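Worksheet for the structure shown next.
There are 2 protein chains.
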Amino acid sequence: MTRRQYGQFCGLAMGLDVVGERWTLLIVRELMAGPKRYSDLLEALDGIGTSLLASRLRQLEDAEVVLKRRLPKPSASLVYQLTESGRELSRALLPLALWGVRHQTHAPKQPDDMFRAEWPLVFIAQLIDGDVTRDARYTYRFHIDGSSATIRLRDGEVSVTESDADDPDGDVDVDITMDAATIVDVSAGRLSLTEAVTDGRIVFDGNASAAALLVEALPERITIDSGLIDQT
Amino acid sequence: MTRRQYGQFCGLAMGLDVVGERWTLLIVRELMAGPKRYSDLLEALDGIGTSLLASRLRQLEDAEVVLKRRLPKPSASLVYQLTESGRELSRALLPLALWGVRHQTHAPKQPDDMFRAEWPLVFIAQLIDGDVTRDARYTYRFHIDGSSATIRLRDGEVSVTESDADDPDGDVDVDITMDAATIVDVSAGRLSLTEAVTDGRIVFDGNASAAALLVEALPERITIDSGLIDQT
DNA sequence: CGGAATCCTCTTCGATACTG
DNA sequence: CAGTATCGAAGAGGATTCCG
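Protein chains in written order, with numbering that gives the first Met the number 0: chain A, 0 to 231; chain B, 0 to 231.
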């Protein structure tokens, strides 16, 4: 069984041969918030159908975008995670995600739309200026429309993970609360970060200097070019 | 008939709801080389099938990524072209295309792979540094594996168009010849521009200072981050 | 002739059921 | 928990036909 390919000698077409099918890039997005198990993916990607997920994961493994790994001792569960190539792909998705949120926000939020706090955060995390956060070791827990996710700054690295809202996890420095419409307005550049804060649409609670550092490390206003600015 | 949507309140998912279906992004890539007629698109996108092309164009019009326009007087033919939103999308595709060419070049080139000189050039043109070319008015004709395309620098703007190799078009300043493997190696960063020139894999013929300007305006070596560097 | 709509076949997707 | 098997529905590919 040979998958449908475009048969074009072109970077975009070759990329789409690998990650252009339905659901594939959303699986990659899920794994941008750390390694996940098969059933985590199945739960996050409502509607995917179990055999299609299995098939997509196999394709991504074959393309060396994703690898399957058995977690050490206590858990011993199988997880899927991004390879180096997968992480490079995830950086290439930021401009596309910013374009999508900027041009394609139909209604503010359909009542039956799915939403997870990690979805915007894996992209916004890419906008954090590493020079500003180089020596910081802070943990931010976001609460957005009933969903929670955590951004950690460690040794100049930024990581995003999902989190249960009532997970004790005592190392949280700042709790940040907003609704889904707000983070989309900010992501689309319709609302600047300070506007959102002064309007009370984003509420910080906890270590004030940690909160200030995060605001300083993010662009004041996200533009379509934010994803194009070199972050080295 | 309601199109298949992901139903997720996420920028990437919303973007893919519009441009994530088969062929859609390749239609956008075609229009990055200027307005084209229906039958031009049908010819360039081998295998698409006429009714699918019509349907995709209608979706892109509805999403205001593409618009249909009647050309003035003499030709009076219908052309499709990118809107401002479509041009922003095309900028967001550069990192994805660079990822694709870097990680997914299977064999050097399958003998039955389609190829057009404009395909790599619409992306490479985005890497041209506008500060360097601000006052230049040069025309470069590329000849790659039997296919030709033209890059024009005008008033700080860069445009790419397809061109018939034997089109007289007397305003060409430099002819640039290479094979498809070379431009892919350069795009993937496996070969630097000066290496390619000194190895004779890229041959310039014409106005030497125009040629030197183009080389100066391009990155010496294309990296996965080249698409992420702000070009303002 | 350019720009499609129709029809038919084949493939892919989505959902449910089932298995190691 | 991590998938495979199955099957009806939707989408894609190719040829032909239609319209202005």
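Just so you know, even glycine gets a beta-carbon here, dropped at the ideal spot from N, CA and C.
Source: prediction; values computed, not measured.
query	result
Where the beta strand (DSSP E) through Phe-64/B begins and ends	It is worth fixing the name first, because residue 64/B is Val in this sequence and not Phe. Premise fails: Val-64/B is in no beta strand (DSSP E) and is neither H nor E.
Chain B within 8 angstroms of Ser-186/A, Cβ atoms only	yes
Gln-125/A beta carbon near the ligand GDP (any heavy atom closer than 7 angstroms)	This structure does not include the ligand GDP; it has no bound ligands of any sort.
Chain-ordered neighbours of Met-13/A on chain B, where CB pairs are closer than 7 angstroms	Gly-99, Val-100, Gln-103, Thr-104
Cutoff 8 angstroms: Arg-57/A Cβ touching any chain B Cβ	no
N- and C-terminal bounds of the beta strand (DSSP E) containing Arg-136/A	Run containing Arg-136/A: none; DSSP gives neither H nor E here.
Exposed unless 16 or more other CB atoms sit within 10 angstroms - verdict on Asp-184/B	buried
Rounded separation between Tyr-37/A and Val-78/A - CA only	7 angstroms
CB contact below 8 angstroms: Asp-243/B versus chain A	Absent from the structure is residue 243/B, since the part of chain B shown begins at 0 and ends at 231.
Against chain B: residues of the region 192–226 of chain A by CB proximity under 8 angstroms	Ile-223, Asp-224, Gly-226
Neighbour-count burial assignment, Thr-138/A, 16 or more Cβ in a 10 Å radius	buried
Simplified DSSP assignment, three categories, for Ser-76/B	coil
Backbone CA spacing between Gln-80/A and Arg-68/A [nearest angstrom]	8 angstroms
Inter-residue CB distance, Arg-55/A and Trp-22/A (contact presumed, cutoff 8 angstroms)	6 angstroms
Spatial distance of Leu-15/A from Gly-85/A (CA atoms)	14 angstroms
Beta-bridge partners of Gln-58/B, as assigned by DSSP	Its beta-bridge partners do not exist; DSSP assigns none.
Distance between beta carbons of Leu-93/A and Ala-122/A, contact taken as under 8 angstroms	Looking at the sequence provided, one finds Phe at residue 122/A rather than Ala. Right, the Cβ-Cβ distance comes to about 5 angstroms (below 8 angstroms), so this counts as a contact.
7 angstroms Cβ shell around Ser-225/A - same chain, five flanking residues per side excluded	Leu-97, Leu-126, Pro-218
Minimum C-alpha distance to Ala-135/A - residue among Asp-61/A, Gly-169/A, Ala-211/A	Ala-211/A
Assigned exposure category for Leu-208/B - 16 Cβ within 10 Å defines buried	Looking at the sequence itself, residue 208/B is Ser, so the reference to Leu does not match. Exposed, because fewer than 16 other Cβ atoms sit within 10 Å of the Cβ of Ser-208/B.
Simplified DSSP assignment, three categories, for Gln-7/B	strand
Range of the contiguous alpha helix (DSSP H) that encloses Leu-97/A	83–102
Interface partners of Phe-233/A on chain B, CB under 8 angstroms	A query on residue 233/A cannot be resolved here, the shown segment of chain A reaching from 0 to 231 and no further.
Those runs of the beta strand (DSSP E) which lie wholly inside the region 108–191 of chain B and span at least 3 residues	138–143, 146–153, 156–161, 173–177
Same chain, Cβ closer than 6 angstroms to Leu-190/B, neighbours up to 5 away in sequence not counted	Asp-184
Asp-39/B - containing alpha helix (DSSP H), residue span	37–43
Below-8 angstroms beta-carbon distance, Glu-87/A vs any chain B residue	yes
Among Lys-108/B, Thr-160/B, Phe-8/B, Ile-26/B, nearest to Asp-178/A - alpha-carbon criterion	Phe-8/B
Within chain B, the residues that Ser-84/A reaches when beta carbons sit closer than 7 angstroms	His-102
Assigned secondary structure, Arg-68/A (DSSP; H/G/I helix, E/B strand, else coil)	strand
CB contact below 8 angstroms: Arg-28/B versus chain A	yes
Three-state class that DSSP yields for Asp-224/A in the structure shown	coil
Contact with chain B by Leu-126/A, beta-carbon distance below 8 angstroms	no
Arg-28/B - containing alpha helix (DSSP H), residue span	23–30
Candidates Asn-206/B, Ala-187/B, Gly-205/B, Thr-181/B, of which the one nearest Val-232/B by Cα	The structure shown does not extend to residue 232/B, since chain B is modelled only from 0 through 231, so no value can be given for it.
Nearest residue (CA-CA) to Thr-132/A, options Trp-118/A, Gly-145/A, Phe-141/A, Ile-150/A	Ile-150/A
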